[in-house]
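Beneath this line is the structure, given in structure tokens, with notes to follow.
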Amino acid sequence: MRKKMFLILCSTLSMVFLISWFLIYIIFRSVLYREIEQQQKNLQAYNETIFTSYIDSFGMVPFQLVNDEEIGASLNLDSDNSLDMFRAREFVRKKFNSYLGQQLFSSNLDCRLLLYLNEDLPLSSHCDARSLSEDIKSRTSCVYSSRKVASEEWYHRTLRTTWSPYFFLNEDTNELCYARCAWNYYLNASVSHDIGVIVIAIPQEAFLKKLTLQVSTPDSSVFLTNEYGEILYASPNAPALLPSSESAGEFHAQDFLDDRYLVSTASVNNDLFLTFVTPQRTIEMMVRRALLPYVLFALISFPALIGILYLLSCRITAPVISLAALIGTIEDTRTFDTSLLSSYQDAELKVLCQSFTDMIGRENELVERIIRENHDKRAATLHALQAQINPHFLYNALDIVSWLALNKNEDSIADIVSSISNMMHYSISRPDALSTLQQELDNIREFIRIYRLERPGEISLVVLASSEHLNRLQIPKFTLQPLVENAVLHNPDLAALTITVEAGIIAGGFQITVTDSGAGADPEKLNAFLRYEETDLKVSSGFGIRNVNERLQLHYGNNSRLSYTCTATGHLTAMLMINDQESARDLNL
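Just so we're aligned, residue 173 is where the sequence shown starts under the working numbering, counting upward by one.
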């Protein structure tokens, strides 16, 4: 029992530790995920504001070109005079230089402002053709012909986007470039397309300083991409594969390179995309590191708790084991000292010991009662054996008296002795057996013959039953004799007493009535006496009508009974209802 309880307690404790660790792990992991997501979302919202302000600032240059009538006039100039074309080119460059000054003031960024004129414009042929990687000087504005860059990819993508900017990275100069088509309302009608392309080239390092690209974890990384998915910037520890920008603004987990990442992406006018990527393994590692003190505490405290549980299990089971051992020593509850059970102090064991003490007391009482019953049974058996010897001795003695009376010609004495002998023989021969109605009536006649010696009056016995009923109906011995005896004893002064016995078949059995011609008695009081109710009836201590009623119910069931009624003439009638369907069925056949 002790081992079982100890194992149960240890198992329960282990389950509590494991379940609590998993619950804390899941909750802390969920909280950390949400915290990282919120941090990345806040960084994206902040940087999105910065991007929007810069893009709006960059967009002022092409916006000013649209309504600049002087630039429109310079671009429309088509003269054979080279000096005029030089002046027009310088005017456009100076104009752009003022735009550059405004841009430097508004954005506070070191940048280059370049205008690549469309080759269809006359002024384009009087301008130098340079690429983005040539003649790099910060804080300068230049006007070039687009002849040299017309075949480059960035130029074609800028022309395709028309009304929106195109961002790209010039890897040769490590500059982040903003390119957009330029328009002017004052161009000649013959020029139906744009002026060219405006490029604002910003050193990548200078631009990134204006942003807040702090990461949530040491292993987190940042991507800056354009609408074509080209990487404009990637932090040094960024994964080799970039998540798709189609999920902008969502927080989700993606798989690349057999690893899972927490990815959050936001866009600025669908031109620039800022993506934060955090490896899931890093988050898991942070969770484990945060839960490490709990694990260490569990590992340290677990053995101590195991020891406490062992002592606790011993404390709980020791009294129970002791009680079981004490109970096992009981061989006879009558000699067991129940005061030994009072030494246990636990409330539960006190209740158990008290119940066990009560049970021992009840068992001892039962044993004593069984012993007394066995003693009484043995005494009754001896008494019955002795009773069998005494009647037989008296019966033999009466036979000798009867023989002596006959030898002395005392016939009346011999008849009386013979009647007494017959009654004694009827009573002692198989006293528990049933007798026929005829045998019971013969015994009653012997009783009347003896009683006539004391009573001078006439006693008549009238039997109203067929011979078949007399010889086949069976009742317990001395069923009718007490009823006839009561009729004789309670009418001592009558000169003539007639006792009528009638037997017949009824539904479910048979019925016997005993009616006398005496003064009678109150049948209701007699019936109440049979029901063991209080009455003012004076009853002798003889054989008794209760005995007759109880023996009928023992032999034939509770539906059989003795009851009293009065006839129309006021004579008392004892009625015996005997539930014996088998006898009734045989007689009906």
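For every residue, glycine included, the Cβ atom is placed at its ideal position computed from N, Cα and C.
Bounds of any beta strand (DSSP E) do not take in Y400, whose DSSP letter is neither H nor E. DSSP places I678 in no alpha helix (DSSP H) but in the uninterrupted beta strand (DSSP E) bounded by 668-678.
The C-beta distance from S317 to D300 rounds to 7 Å, short enough to meet the 8 Å contact threshold.
Per the coordinates, the alpha-carbon of T651 lies some 56 Å from the alpha-carbon of G500. Secondary structure at L652: coil, using DSSP grouped into helix, strand and coil. Using a Cβ distance threshold of 8 Å, A354 and V371 do not count as a contacting pair.
R302 and L215 have their alpha carbons spaced roughly 38 Å apart. In the three-state scheme derived from DSSP, where H, G and I count as helix and E and B as strand, A351 is classed as strand. Per DSSP, reduced to three states, the secondary structure at C738 is strand. Counting every other CB atom within 10 Å of its CB across the protein chains shown gives A519 a total below 16, marking it as exposed. Note that the stretch 290-299 does not touch the stretch 374-384; fewer than 3 beta-carbon pairs, one per stretch, sit closer than 8 Å.
Between V394 and L385, the gap from beta carbon to beta carbon is short of 8 Å. Straight-line spacing of the CA atoms in L341 and F469 works out to 53 Å. Linking Q611 to A691 through their CA atoms gives a straight-line distance of about 28 Å. The continuous beta strand (DSSP E) containing R284 extends over residues 284-289.
A direct Cα-Cα distance of roughly 38 Å separates S270 from K213. When DSSP states are grouped into helix, strand and coil, N239 belongs to the coil group. When beta bridges are read from the DSSP output, C314 appears opposite L286.
Relative to the Cα of L359, the nearest Cα in the group T447, G244, K309 belongs to G244. With a threshold of 16 other beta carbon atoms within 10 Å, S392 meets it and is buried. By the CB criterion at 8 Å, Q275 and S229 fall inside the cutoff.
Remark: C-beta atoms of F474 and N398 do not approach each other more closely than 8 Å. The shortest C-alpha to C-alpha distance from N658 to any of D256, R723, Y736 is the one to Y736. With contact defined as three or more Cβ pairs closer than 8 Å, the stretch 747-756 and the stretch 625-634 are not in contact. Boundaries of the alpha helix (DSSP H) harbouring I455: 452-500, taken from the DSSP string. No Cβ-Cβ contact shorter than 8 Å links Q211 with S485.
Rounded to whole angstroms, the gap between the alpha carbons of P451 and Y350 is 32 Å.
Rounded to whole angstroms, the Cβ separation of L609 and A675 is 6 Å, and the two are in contact under 8 Å. For the 8 Å CB-CB criterion, A322 and E291 form a contact.
Beta-bridge partners of G368 (DSSP): L289, A354. Here the stretch 727-744 makes no contact with the stretch 633-644; the two share fewer than three CB pairs at distances below 8 Å. Under DSSP, F340 forms a beta bridge with C349. The C-beta distance from N356 to L247 rounds to 7 Å, short enough to fall under 8 Å. With 16 or more other Cβ atoms inside 10 Å of its own Cβ, S279 counts as buried.
With respect to P491, L521 sits close: the two C-beta atoms are nearer than 8 Å. The three-state reading of DSSP puts Y704 in coil, since its state is none of H, G, I, E or B.
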